[in-house]
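Residue numbers (the numbering used here): 36 to 212. Ideal placement from N, C-alpha and C gives every residue a C-beta, glycine not left out. The structure displayed is predicted, hence computed values, not measured ones. Contents: one structure, followed by commentary.
The following block contains the structure:
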């Protein structure tokens with residue numbers, strides 16, 4: 036059975052800064068809870084499409100369509116086992132969205148789209164970051180039980196950590212400009 040997880044975060048930074056930060060795979064481990072000890076094991080980068088000449092200079096690298104990356108992480112705190120997660124970028128439009136799908140890993144299916152758009156709020160201009168994940172658990176009914184008992188809560192906690200970490204890291208990057 037396919038499930039949907041949606042998350043949104045408003046950030047007081049321009050779309051270009053937020054997109055560049057999230058499109059750079061080197062930032063991914065710092066967005067995951069520290070107990071997971073996430074690390075990039077392997078990456079084969081495909082270049083992103085050219086940017087418009089009016090876009091500001093890019094910060095760091097960006098993973099274009101066809102990029103494949105293998106990340107490993109601990110599935111639970113203090114686990115001696117590291118779980119591999121191989122993903123491929125399947126869609127990329129500068130300052131709008133990029134999507135990745137699981138090639139090999141702990142889910143039967145996983146597709147994650149990251150979208151950004153300008154959004155003004157009472158405290159000023161900024162960017163709304165939206166994450167939409169469609170996923171399917173392995174192991175049939177046992178996987179569905181794990182999804183209801185553990186995974187939904189773990190996704191919420193992981194994204195809460197990611198939101199706090201992204202706010203902090205983008206604040207530092209912005210201050211360095």
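Reduced DSSP secondary structure (H/G/I, E/B, other) of residue i
i           : result
residue 114 : coil
residue 163 : strand
residue 120 : strand
residue 75  : strand
residue 142 : coil
Close Cβ partners of residue i (< 7 Å) along its chain, the five nearest in sequence each way excluded
i          : result
residue 82 : 99
Nonlocal neighbours in the same chain, by C-beta distance under 8 Å from residue i, ignoring five residues either side
i          : result
residue 43 : 163, 164, 165, 166
Residue range of the beta strand (DSSP E) that includes residue i
i           : result
residue 106 : 103-108
Exposure of residue i, with buried meaning 16 or more beta-carbon neighbours within 10 Å
i           : result
residue 130 : buried
residue 120 : buried
residue 201 : buried
residue 173 : exposed
Boundaries (first-last residue) of the alpha helix (DSSP H) holding residue i
i           : result
residue 179 : 175-181
residue 197 : 187-210
Whole-angstrom C-beta distance between residue j and residue i, which should lie under 8 Å
i          : j           : result
residue 46 : residue 53  : 6 Å
residue 67 : residue 193 : 7 Å
Closer than 7 Å: residue i CB and nearest the ligand GDP heavy atom
i           : result
residue 115 : Ligands are entirely absent from the displayed structure, and the ligand GDP is therefore not among its contents.
Cβ-based neighbour list, residue i, same chain, cut-off 6 Å, excluding 5 preceding and 5 following
i           : result
residue 142 : 170
residue 95  : 59
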